[in-house]
Amino acid sequence: MNLPIHDDQILKLIPQRHPIIMVDTLYTYVEDYLLSGLHVRADTLFVDIETLQECGLLEHMAQSVALHTGFDYFRRNEEAPTGYIGSMQGVELLALPKVGDEVQTEVQIIQEFMGVTLVNITSKVRGEVIGKAQMKTVIASS
Numbered sequence: 001m002n003l004p005i006h007d008d009q010i011l012k013l014i015p016q017r018h019p020i021i022m023v024d025t026l027y028t029y030v031e032d033y034l035l036s037g038l039h040v041r042a043d044t045l046f047v048d049i050e051t052l053q054e055c056g057l058l059e060h061m062a063q064s065v066a067l068h069t070g071f072d073y074f075r076r077n078e079e080a081p082t083g084y085i086g087s088m089q090g091v092e093l094l095a096l097p098k099v100g101d102e103v104q105t106e107v108q109i110i111q112e113f114m115g116v117t118l119v120n121i122t123s124k125v126r127g128e129v130i131g132k133a134q135m136k137t138v139i140a141s142s
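Going by full-length UniProt numbering, the sequence shown opens with residue 1, and the numbers climb by one from there.
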């Protein structure tokens with residue numbers, strides 16, 4: 001699978017399914033970094049009055065982390081695991097994207113150990129930071 005990856009191909013990389021798909025593009029992947037995208041549409045879940053609500057932006061951030069993990073598993077010919085948010089810290093939502101905007105989110109892996117991943121996340125619209133957080137995720141044991 002060559003980058004960028006769009007829309008339905010994303011479903012091979014994350015455990016989420018419609019209607020809660022909150023990432024639609026994988027632009028960049030390296031071992032400790034990912035750049036994802038979400039084109040906000042009128043029918044995107046969590047859009048109210050032409051604006052993606054806070055819960056939608058946070059879910060996009062979390063799914064961007066899941067996309068990093070899922071693509072890593074895909075490269076190893078393994079199925080994407082289910083994971084959970086362990087914690088979110090330092091959350092700052094500075095603005096909310098509107099219908100027609102594309103949210104681009106950078107995930108920087110700080111540390112990974114035994115299925116627990118600590119990341120810094122920054123979301124932008126047109127280069128302007130709209131949200132930041134530090135998140136800890138945990139892969140579900142099988």
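The C-beta atom is built at its ideal place from N, Cα and C for all residues, glycine as well.
Asked                                                                                                                                                  : Found
Roughly how many angstroms lie between the CA atoms of E59 and P19, to the nearest whole one?                                                          : 12 Å
If I'm right that A80 touches P15 with Cβ under 8 Å, what's the distance once you round it to whole angstroms?                                         : 6 Å
From I83 to T28, what distance separates their C-alpha atoms?                                                                                          : Note that residue 83 is Gly in the sequence shown here, rather than Ile. Looking at the two C-alpha atoms, the distance is approximately 21 Å.
On the DSSP letters alone, give me the boundaries of the alpha helix (DSSP H) that S64 sits inside.                                                    : E54 to R75
Measure the beta-carbon distance from V30 to I10 and round it to whole angstroms, keeping in mind my assumption that it falls under 8 Å.               : Actually they do not touch by this definition, with Cβ atoms about 18 Å apart.
Could you check the C-alpha separation between residue 183 and G56 for me, to the nearest Å?                                                           : With the chain covering 1 to 142 only, the question about residue 183 has no answer from this structure.
By how many angstroms is the C-alpha of T117 removed from the C-alpha of S87?                                                                          : 11 Å
Determine which residues share a DSSP beta bridge with L96 and list them.                                                                              : The partner list for L96 (beta bridge, DSSP) is empty, contrary to what the question assumes.
Rounding to the nearest angstrom, what Cα-Cα distance links K132 and V99 in this structure?                                                            : 20 Å
Which whole-angstrom value describes the C-beta separation of V107 and V40, a residue pair presumed to lie in contact below a C-beta threshold of 8 Å? : Actually they do not touch by this definition, with Cβ atoms about 19 Å apart.
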